Amino acid sequence: MSETVSTKPISFACPKCKRPLRSGDNALYCSECNRTYLIVDGIPDFLSEDFQAGISPVFGGISSTTTIKRMARQMDFVAPIYEFFVSTLVKLSGIHGDSARFIDRIASFHSKTLKGITGPVLDVACGPATYGRRIASPSRNVYGFDISMGMLRQGMTYIGRDNISGVHLARARVEELPFENAVFDGAICSGSLHLFPDTVLALREIARTLKAGAPLSVQTFVAGKTVINRSLQKQSWLHTFALGKLQQDLTEAGFEEFKPTLDGIVLTFSAHKAMPRT
Ligand SMILES: C[S@@+](CC[C@H](N)C(=O)[O-])C[C@H]1O[C@@H](n2cnc3c(N)ncnc32)[C@H](O)[C@@H]1O
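Each residue of the sequence shown is one higher than the last, beginning at 0 in numbering that gives the first Met the number 0.
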């Protein structure tokens with residue numbers, strides 16, 4: 000039986016006012032709030048204004064643009080070795096199971112959660128499109144975004160090298176997504192939920208872009224006892240989750256059907272955007 004192909008691309012929206020953007024030569028324009036977003040090496044950049052402006056009110060005093068900029072710079076630096084680095088870190092952190100195949104295991108978790116989904120999928124804080132590249136298909140376009148241009152460029156290199164189609168990348172941050180409401184049929188988020196300063200704010204913005212009932216597939220970490228895990232927990236830029244609090248955060252952000260699975264300190268879970276109450 001042939002696969003149904005539905006590749007209608009999603010248009011980007013202004014991350015500030017959420018109105019559709021008009022495209023021109025190497026830029027996207029917002030006629031509503033008069034903003035211009037440049038497309039740099041094929042990657043729409045929705046962050047340059049914020050990065051130039053300094054403190055951004057969207058973080059509500061929780062985190063400054065400086066913190067995000069610093070993290071983006073660090074991620075730019077590790078981008079070329081990131082996928083190798085993930086496997087090594089997973090091995091050192093004492094996680095159970097076959098850590099060398101960590102990326103394959105998480106990719107297969109995402110595929111299972113998204114089973115039957117043929118519409119567009121959001122890849123939250125995609126890095127070098129680690130998972131977006133692995134779950135995209137002709138019928139399932141993936142829209143990845145990240146704050147690190149280095150990660151996104153590395154993603155473009157892999158996509159070109161492996162001749163992958165259906166992956167679209169943009170520089171944006173999870174707190175202000177460049178998409179209209181309810182455009183995605185699913186979302187994945189790996190290795191990053193613990194990096195967002197305000198979990199509910201991030202989840203709420205992801206939920207805004209999802210259709211009712213759409214699945215969210217996440218890999219993150221819980222607190223553990225290994226030396227690396229303990230030292231990571233002392234870092235101010237990272238937090239680990241307690242399951243009860245996470246479930247509360249998800250509910251507050253508009254998700255339901257929380258299904259967690261633990262493997263050592265690795266937490267994978269699925270949830271669904273809540274259906275409207277009748
Ligand atoms: C550990 S990497 C995970 C990358 C990829 N999802 C994976 O699992 O391989 C975390 C990513 O989160 C991105 N990130 C951190 N804070 C972010 C934010 N507020 N908005 C968007 N991306 C963010 C970083 O730039 C980095 O690429």
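Glycine included, each C-beta is placed from N, C-alpha and C at the ideal position.
Given the structure is predicted, the values throughout are model-derived calculations rather than measurements.
Rounded to whole angstroms, the gap between the alpha carbons of His109 and Ser30 is 37 angstroms.
The alpha carbon of Asp40 has as its nearest neighbour, out of Phe195, Arg132, Arg170 and Gly190, the alpha carbon of Arg170. At a Cβ-Cβ threshold of 9 angstroms, Ile158 and Tyr130 do not count as neighbours. The alpha-carbon of Asp44 is positioned some 9 angstroms away from that of Met148. Glu179 has its Cβ no nearer than 8 angstroms to any heavy atom of ligand 1. Per DSSP, the beta-bridge partners of Ala270 are Leu215. Between Phe144 and Leu192, the C-beta spacing is not below 9 angstroms.
For Lys68, the enclosing alpha helix (DSSP H) begins and ends at Thr64 to Val77. Shown here, Ser47 sits in a helix according to DSSP, grouped into three states. Checking the 8 angstroms criterion, the Cβ of Ile205 is out of range of every heavy atom belonging to ligand 1.
With a contact defined as Cβ atoms closer than 8 angstroms, Ala270 and Leu249 qualify at about 5 angstroms. The beta carbon of Gly118 sits closer than 6 angstroms to those of Asp184, all from its chain and outside the five residues before and after it, given in chain order. With respect to the 9 angstroms criterion, Val77 and Arg132 are not classified as neighbours on the basis of their beta carbons. When the Cα atoms are used, Pro214 and Arg72 turn out to be separated by approximately 31 angstroms. About 29 angstroms separates the Cβ atoms of Gly190 and Met274, ruling out a contact at the 8 angstroms cut-off.
Under the 10 Å beta carbon count, Cys32 is surrounded by fewer than 16 other beta carbons and is classified as exposed.
Of the heavy atoms belonging to ligand 1, at least one sits nearer than 8 angstroms to the Cβ of Asp145. The alpha-carbon of Gln247 is positioned some 16 angstroms away from that of Val217.
Short note on Met155: C-beta not closer than 8 angstroms to any heavy atom of ligand 1. In the three-state scheme derived from DSSP, where H, G and I count as helix and E and B as strand, Ser22 is classed as strand. Of the candidates His238, Arg100, Val221 and Lys210, His238 places its Cα closest to the Cα of Thr198.
Judged by their CB atoms, Gln153 and Tyr36 are not nearer to each other than the 9 angstroms cut-off.
Taken through DSSP and simplified to helix, strand or coil, Phe240 comes out as strand. In the three-state reduction of the DSSP assignment, Tyr81 falls in the helix class.
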